[in-house]
Amino acid sequence: MNHIILVRSGRPPFVRLACYRCHLRLLRRQVRQQSNTRHLIFDPVAQVEHLSQAMTLETGDILFTGTPGGVGAAMSPPKFLAPGDRVRVEIDGIGFIENEVIDEPGR
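If you read the sequence shown in UniProt numbering, its first letter stands for residue 1, the second for the next number, and so on.
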């Protein structure tokens with residue numbers, strides 16, 4: 001993971017999350033998931049409040065909150081990532097990370 005420092009005062013705003021899938025063989029981008037943290041069942045602030053009652057959250061901790069609709073397993077027929085696909089995840093005001101899917105020998 002890349003290091004990102006984000007400092008804000010007060011209650012954090014809701015950010016839009018977008019996940020792009022780029023299939024290199026087709027040489028085009030296809031939006032697979034695009035949503036907003038407002039659509040999570042539990043908003044990020046509520047999640048932090050709940051978790052911090054049971055454990056101490058430290059600087060640098062990462063909370064995985066789930067995923068919006070658009071996952072490949074729910075498509076008909078199912079569509080899964082394959083070696084050579086590129087996945088780009090963006091968070092407004094912070095940046096993006098992009099990785100290529102590779103085949104891991106022996107798996």
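Cβ atoms here follow ideal geometry from the backbone N, Cα and C, with glycine treated the same way. In this text, all values refer to a predicted model and were calculated from it rather than measured experimentally.
- Straight across, the Cα-Cα distance linking residue 63 with residue 72 is about 22 Å.
- The Cβ atoms of residue 65 and residue 81 do not sit closer than 7 Å to each other.
- Along the length of the UniProt domain "Fumarylacetoacetase-like C-terminal" (29-101), whole beta strand (DSSP E) runs at least 3 residues long occupy 85-91, 95-100, reported in chain order.
- When C-alpha distances from residue 67 are compared across 46, 99, 36, the shortest belongs to 36.
- Burial state of residue 38 is exposed, judged by a 10 Å Cβ sphere holding fewer than 16 other Cβ atoms.
- The beta carbon of residue 70 lies closer than 7 Å to those of 32, 33 in the same chain, with the five residues before and after it left out.
- The alpha carbon of residue 88 has as its nearest neighbour, out of 94, 99, 79, the alpha carbon of 99.
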